[in-house]
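> Could you have a look at this structure, given as structure tokens, before my questions?
Number of protein chains: 2
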Amino acid sequence: MAVANRDGVTIRDVASHAGVSIATVSRVLRGTTPVTPATRDRVLAAVSELGFRPSALGRSLAEGRHAANGIVFPDLSGPYYAEVVLGYEEMAGELGRSVLILSTHGRDAAPDMVRELAGRVDGLVVLGRTVSDDVIEEIAQRGIPVVVLARPAPSAVDSVKAENDESAHRLTEHLIGHGCRRFVFLGDVNRSPDSMERWSGFRVALERAGIAPPDEPRGVGLREEEGLRAADDLAAGELPDAVVCANDEVALGLIEGLRRAGVQVPGQVAVTGWDDVMAARYAGLTTVRQPMRALGAHAARLLDVRIRGDAEAPRHEVLPTELVIRDSCGRHEPAHPDNDKNPGRPLAARRLERCL
Amino acid sequence: MAVANRDGVTIRDVASHAGVSIATVSRVLRGTTPVTPATRDRVLAAVSELGFRPSALGRSLAEGRHAANGIVFPDLSGPYYAEVVLGYEEMAGELGRSVLILSTHGRDAAPDMVRELAGRVDGLVVLGRTVSDDVIEEIAQRGIPVVVLARPAPSAVDSVKAENDESAHRLTEHLIGHGCRRFVFLGDVNRSPDSMERWSGFRVALERAGIAPPDEPRGVGLREEEGLRAADDLAAGELPDAVVCANDEVALGLIEGLRRAGVQVPGQVAVTGWDDVMAARYAGLTTVRQPMRALGAHAARLLDVRIRGDAEAPRHEVLPTELVIRDSCGRHEPAHPDNDKNPGRPLAARRLERCL
DNA sequence: GGAAGTCTTGTAACCGGTATCAGATACCGG
DNA sequence: CCGGTATCTGATACCGGTTACAAGACTTCC
Chain A
1388 MAVANRDGVT IRDVASHAGV SIATVSRVLR GTTPVTPATR DRVLAAVSEL GFRPSALGRS
1448 LAEGRHAANG IVFPDLSGPY YAEVVLGYEE MAGELGRSVL ILSTHGRDAA PDMVRELAGR
1508 VDGLVVLGRT VSDDVIEEIA QRGIPVVVLA RPAPSAVDSV KAENDESAHR LTEHLIGHGC
1568 RRFVFLGDVN RSPDSMERWS GFRVALERAG IAPPDEPRGV GLREEEGLRA ADDLAAGELP
1628 DAVVCANDEV ALGLIEGLRR AGVQVPGQVA VTGWDDVMAA RYAGLTTVRQ PMRALGAHAA
1688 RLLDVRIRGD AEAPRHEVLP TELVIRDSCG RHEPAHPDND KNPGRPLAAR RLERCL
Chain B
1388 MAVANRDGVT IRDVASHAGV SIATVSRVLR GTTPVTPATR DRVLAAVSEL GFRPSALGRS
1448 LAEGRHAANG IVFPDLSGPY YAEVVLGYEE MAGELGRSVL ILSTHGRDAA PDMVRELAGR
1508 VDGLVVLGRT VSDDVIEEIA QRGIPVVVLA RPAPSAVDSV KAENDESAHR LTEHLIGHGC
1568 RRFVFLGDVN RSPDSMERWS GFRVALERAG IAPPDEPRGV GLREEEGLRA ADDLAAGELP
1628 DAVVCANDEV ALGLIEGLRR AGVQVPGQVA VTGWDDVMAA RYAGLTTVRQ PMRALGAHAA
1688 RLLDVRIRGD AEAPRHEVLP TELVIRDSCG RHEPAHPDND KNPGRPLAAR RLERCL
């Protein structure tokens, strides 16, 4: 039991208090080598009496490992990244590792911040568009395992991503099935590898259907404001049949912007998103569901394997996605109840059915 | 420029490579003591040649500090916690500290996980209902600065929270102004101190208005499922005029559940939430906005002050909240445009206006 | 020319653990 | 009663930095 456990209690204090050497204390605490029950008890008594907690620093230094992993994500703070990070933390925790987070916020110093982080962890997950491949390769070459998430793997590092191409096809075909022929793709495809894949999958799907795709994607961002801005442009000209957005945030902003401009969705324009964030359910947004938490968890697992050194060739995992039909694409066919098992198809959905 | 920078390069390697002592290398790198330009150059050359990066571990051990802070949050993964954590990370990053995250997931081992985390950081933020006061006091007594967020401060630790009582009054009065007289409060108030304050503020507001408040809050959780479940109970009996929910997630679930049960919101029942998460905007939910990122940022600042030792008496900050009127409370009065400056009042809102 | 002072730099003692190696002790059979 | 072996434990060299202290080189001034 103990008086107070001020800090500054070291293994040497415990040792002298128990009348043994520091080696013995270490042995008792780690259970590496058998120790006489009597000494063991003396040591344990001293430990609890002094309120001793071994310093993680000293231990890490001696063991040559941090027992911590890092995760790096961009400035964007949307629901997507948060979910990925939480999934990552959960799995890493189960594997006995702490998690250090670093958001680059698009800062110029990002590469240095990542390098610095790399020095504090046993392994690192790098998300999307945060730092260049150079930095990643440099770190990997230092011998620190790296897993990239939602971005192409530079050299010999592992990667995890969600499927984009096939779902782009399914989504596009669904819209074509609704009778849409004139399309716009909204969202800055240079900001994230995912967006780029979605855009190119979308184009190919249109071409395959004999429809000329737009020459270029529109937009300079991937956030709600982007959609809001785009709405005015669209409303000013001739409306397309459908706007495929690079992610849900853009799509939600767009829908709101169109509403303000007096354009009906999906009555006059169909709108779709990507990711299936929570708000998408409540806005009745047709989208592609991404397994965000699972992405994080898989990254944590790959990293664990590599840190333990069991791994050989780089592994690349692609997690499946799921088309989620709601109302914003124009519900001409009866709803498939399986398309939305989650609570909350809701309000918006219902209003649409009744009002349009 | 360097060949490859394999790891394992230590300060001693640099020293011998430059023909100086390790002390000199350290001096050059930290700039603590003047060094002859010639030696300085030799050292710097060796550093870049070998690709030397000082070990964070060695440095921390010698300096006696981690240059890292921790943040502990509950199992809940909702949008609220994510935003707080991101706000915290951003500020901590600016203050030159890394951030370790720990989600307790309601695990039994939580206290030990937190204690362990406390050993890896210079300071710690503890959110809501994660570990008991005992644990927090124990850590604080070890000399590790602790800031609690959205929970009462146990002893001499700093705290940050959002205002709940006054906003509960405003919200309740608003509903009374709509003509509501029979109220239900939904959400498990034992799960979070915030919920408890909201519930008690709500009760007092009703009493003050001469309306008998419900004896007890309803519900056993704080997530969407909770609201969904509650909807059936409510629909089965006599409907109240309004349901005040402890947070947005419960409110959103409830609205969806009521919709499924054929009950109109706000036509038959008014529903309100708390927090103003992103989905609330798109669902037209009347709620109380909490400055989530600011909460995290303030906690980071308080912690920084305390770590630097500049602080004296414990400080307790209460951040203001804002009532956000949307549609779910029954929009009898014309909308105040200022009540919703954010994009996305949207779809749902509009449908309501048109349909009801 | 020598004493006193300033600059640089090296030596070594930390920080708090882990783990190797060898010495001490107890136990065994002959 | 003694050598040999198993067990337990202590001394100590790490891990990779920082920094107090002291020594050496070089001025500067009388």
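Chains A and B are the protein sequences, given in the same order.
No gaps in the numbering here: position 280 of the first sequence is 1667 in the numbering used here, and each next residue is one more.
No gaps in the numbering here: position 325 of the second sequence is 1712 in the numbering used here, and each next residue is one more.
We put the CB at the ideal spot given by N, CA and C, even for glycine.
#1: For a contact meaning CB atoms closer than 8 Å, what does A/D1466 contact in chain B?
#2: According to the neighbour-count rule (16 or more other Cβ atoms, all chains shown, within 10 Å of its Cβ), is A/Q1651 buried or exposed?
#3: Suppose you measure from the CA of A/H1492 to the CA of A/L1609; what does that come to, to the nearest Å?
#4: Which residues share a DSSP beta bridge with A/H1703?
#5: From A/G1480 to B/A1479, what does the alpha carbon distance come to, in whole angstroms?
#6: For A/A1686, which residues in the same chain have their Cβ closer than 7 Å to its Cβ, ignoring the five residues on either side in sequence?
#7: Less than 7 Å separating the beta-carbons of B/R1714 and B/G1671?
#8: Could you check where the alpha helix (DSSP H) with B/A1405 kicks off and where it finishes?
#9: Which of the residues in the region 1421-1450 of chain B, read from start to end, lie with their CB under 9 Å from any CB of chain A?
#10: In the DSSP assignment, find the unbroken beta strand (DSSP E) run with B/I1458 in it and report its ends.
#11: Residues of the region 1505-1528 of chain A with a CB closer than 7 Å to any CB of chain B: list them in chain order, please.
#12: Considering only residues of the region 1613-1646 of chain A, which uninterrupted beta strand (DSSP E) runs meet the minimum length of 3 residues and lie entirely inside it, listed in chain order?
#13: Across which residues does DSSP place B/A1710 in a beta bridge pair?
#14: For B/A1432, which of B/D1495, B/G1566 and B/D1400 has the nearest alpha-carbon?
#15: Is it the case that the Cβ atoms of B/D1552 and B/R1702 are separated by a distance below 7 Å?
#16: State the start and end residues of the unbroken beta strand (DSSP E) segment that holds A/S1485.
#17: Please report the straight-line C-alpha distance between B/D1705 and B/E1584, rounded to a whole angstrom.
#18: Taking the alpha-carbon positions, what's the A/R1507 to A/G1696 distance?
#19: Just how far apart, CA to CA, sit A/A1684 and B/P1601?
#20: Quick check: B/D1575 and B/G1606, are their CB atoms within less than 7 Å of each other?
#21: Return the residue from the list A/L1448, A/S1485, A/E1603 and A/H1565 that minimises the CA-CA distance to A/I1744.
#22: Are B/P1532 and B/G1566 touching if we call contact CB-CB under 7 Å?
#23: Going straight from the alpha carbon of A/R1578 to that of A/D1462, what length do you get?
#24: What are the residues that DSSP puts in a beta bridge with A/R1605?
#25: Report the rounded CA-to-CA distance for B/N1456 versus B/G1564, giving the unit in angstroms.
#26: Let me confirm a value: A/R1393 is counted as buried when at least 16 other C-beta atoms fall within 10 Å, else exposed. Which label applies?
#27: Using beta carbons (cut-off 7 Å, strictly below), is A/V1486 in contact with chain B?
#28: At the 7 Å Cβ level, is B/A1722 part of the contact set with chain A, yes or no?
#29: Out of B/P1498, B/A1469 and B/R1502, which one is the CA nearest neighbour of A/I1488?
#30: Going by the beta-carbon positions, is the gap between B/G1654 and B/C1632 smaller than 7 Å?
#31: Since A/A1657 is in the beta strand (DSSP E), which residue starts that stretch and which ends it?
#32: When you check each C-beta in the region 1473-1497 of chain A against every C-beta of chain B, which residues fall closer than 8 Å?
#33: Could you check the C-alpha separation between B/R1494 and B/V1501 for me, to the nearest Å?
#34: In chain order, what residues of the same chain lie with their CB nearer than 7 Å to the CB of B/V1422, ignoring the 5 residues before and after it?
#35: Quick one: which residues of the region 1648-1680 of chain B get their C-beta closer than 9 Å to a C-beta of chain A? List them in chain order.
#36: Does the distance from the C-beta atom of A/P1541 to that of A/D1520 stay below 7 Å?
With the given structure in hand:
#1: Within the first sequence, numbered from 1, the residue matching residue 1466 of chain A stands at position 79. The identity of residue 1466 of chain A in the sequence shown is Pro, whereas the question assumes Asp. The answer, in chain order, is P1466, A1469 and M1665.
#2: As a first step, residue 1651 of chain A is located in the first sequence; it is residue number 264 there, counting from the start. Exposed is the call here.
#3: Within the first sequence, residue 1492 of chain A is the residue found at index 105, counting from 1. Within the first sequence, residue 1609 of chain A is the residue found at index 222, counting from 1. If you take the alpha carbons of A/H1492 and A/L1609, they lie about 14 Å apart.
#4: As a first step, residue 1703 of chain A is located in the first sequence; it is residue number 316 there, counting from the start. According to DSSP, which records beta bridges pairwise, A/H1703 is partnered with A/S1546.
#5: Locating residue 1480 of chain A in the first sequence gives position 93, counting from the first residue. Locating residue 1479 of chain B in the second sequence gives position 92, counting from the first residue. Those two C-alpha atoms are separated by around 22 Å.
#6: For the purposes of this step, residue 1686 of chain A is identified with residue 299 of the first sequence, where counting begins at 1. Hits under 7 Å: Y1475, V1512, V1534, L1536 and V1547.
#7: Here residue 1714 of chain B refers to the residue found at position 327 of the second sequence. Here residue 1671 of chain B refers to the residue found at position 284 of the second sequence. The sequence shown places Asp at residue 1714 of chain B, not Arg. Cβ atoms of B/D1714 and B/G1671: closer than 7 Å.
#8: Start at 1 with the first residue of the second sequence, and residue 1405 of chain B comes out as number 18. Per DSSP, B/A1405 belongs to the alpha helix (DSSP H) from I1398 to A1405.
#9: G1438, R1440, P1441, S1442, A1443, L1444, G1445, S1447 and L1448
#10: Translated into the one-based positions of the second sequence, residue 1458 of chain B becomes position 71. Its beta strand (DSSP E) spans residues A1455 to F1460.
#11: G1506, R1507 and Q1528
#12: 1629-1632
#13: To locate residue 1710 of chain B, count along the second sequence from 1; it is residue 323. It is Leu, not Ala, that sits at residue 1710 of chain B in the sequence shown. For B/L1710, which the question treats as bridged, DSSP gives the partners B/V1675.
#14: Indexing the second sequence from 1 puts residue 1432 of chain B at position 45. The shortest Cα separation from B/A1432 among B/D1495, B/G1566 and B/D1400 belongs to B/D1400.
#15: Here residue 1552 of chain B refers to the residue found at position 165 when the second sequence is read from its first residue. Here residue 1702 of chain B refers to the residue found at position 315 when the second sequence is read from its first residue. Taking 7 Å as the Cβ cut-off, B/D1552 and B/R1702 do not qualify as a contacting pair.
#16: Position 98 of the first sequence holds residue 1485 of chain A. First-last of the beta strand (DSSP E) with A/S1485: S1485 to S1490.
#17: For the purposes of this step, residue 1705 of chain B is taken as residue 318 along the second sequence, with counting starting at 1. For the purposes of this step, residue 1584 of chain B is taken as residue 197 along the second sequence, with counting starting at 1. Asp is not the amino acid found at residue 1705 of chain B; the sequence shown has Val there. Their backbone Cα atoms lie some 13 Å apart in a straight line.
#18: Position 120 of the first sequence, counted from the start, is the residue given in the question as residue 1507 of chain A. Position 309 of the first sequence, counted from the start, is the residue given in the question as residue 1696 of chain A. Straight-line Cα distance between these residues: approximately 18 Å.
#19: As a working mapping, residue 1684 of chain A is identified with position 297 in the first sequence. As a working mapping, residue 1601 of chain B is identified with position 214 in the second sequence. Going from the Cα of A/A1684 to the Cα of B/P1601 covers about 43 Å.
#20: The sequence position of residue 1575 of chain B within the second sequence is 188, counting from 1. The sequence position of residue 1606 of chain B within the second sequence is 219, counting from 1. In contact: B/D1575 and B/G1606 (Cβ atoms closer than 7 Å).
#21: Nothing about residue 1744 of chain A can be reported from this structure: the residues present for chain A run from 1388 to 1743 only.
#22: Working through the second sequence from its first residue, we reach residue 1532 of chain B at position 145. Working through the second sequence from its first residue, we reach residue 1566 of chain B at position 179. Contact: no.
#23: Position 191 of the first sequence, counted from the start, is the residue given in the question as residue 1578 of chain A. Position 75 of the first sequence, counted from the start, is the residue given in the question as residue 1462 of chain A. Answer to the nearest angstrom: the Cα atoms are 11 Å apart.
#24: Within the first sequence, the letter at position 218 stands for residue 1605 of chain A. Paired residues: A/L1573.
#25: Here residue 1456 of chain B corresponds to residue number 69 of the second sequence, with the count starting at 1. Here residue 1564 of chain B corresponds to residue number 177 of the second sequence, with the count starting at 1. Their Cα atoms are separated by approximately 46 Å.
#26: Walking along the first sequence from the start, residue 1393 of chain A turns up at place 6. Per-residue confidence for A/R1393 stands at a pLDDT of 44, beneath the threshold of 50, marking its modelled position as unreliable; the derived number appears in the next sentence. The residue in question, A/R1393, is exposed, as its Cβ has fewer than 16 Cβ neighbours within 10 Å.
#27: The residue labelled residue 1486 of chain A in the question sits at position 99 within the first sequence. Interface residue, yes.
#28: The residue you call residue 1722 of chain B lines up with position 335 of the second sequence. With a pLDDT of 42 at B/A1722, under the threshold of 50, the modelled position of this residue cannot be trusted, and the question is left open.
#29: Looking up residue 1488 of chain A in the first sequence gives position 101. If we check each option's Cα against that of A/I1488, B/A1469 comes out closest.
#30: Taking the second sequence and counting its residues from 1, one reaches residue 1654 of chain B at position 267. Taking the second sequence and counting its residues from 1, one reaches residue 1632 of chain B at position 245. No, the pair does not count as a contact, with Cβ atoms beyond the cut-off.
#31: Numbered from its first residue, the first sequence carries residue 1657 of chain A at position 270. Element bounds for A/A1657: A1657 to T1659.
#32: L1473, E1476, E1477, G1480, S1485, V1486, L1487, I1488, L1489, S1490 and H1492
#33: The count along the second sequence starts at 1 and reaches residue 1494 of chain B at position 107. The count along the second sequence starts at 1 and reaches residue 1501 of chain B at position 114. B/R1494 and B/V1501: Cα-Cα distance of roughly 11 Å.
#34: As a working mapping, residue 1422 of chain B is identified with position 35 in the second sequence. So the qualifying residues of the chain are T1411, R1414 and V1415.
#35: V1652, V1664, M1665, A1666, A1667, R1668, Y1669, A1670, G1671, L1672 and R1680
#36: Taking the first residue of the first sequence as 1, we reach residue 1541 of chain A at position 154. Taking the first residue of the first sequence as 1, we reach residue 1520 of chain A at position 133. It is a contact, given that the beta carbons lie within the stated cut-off.
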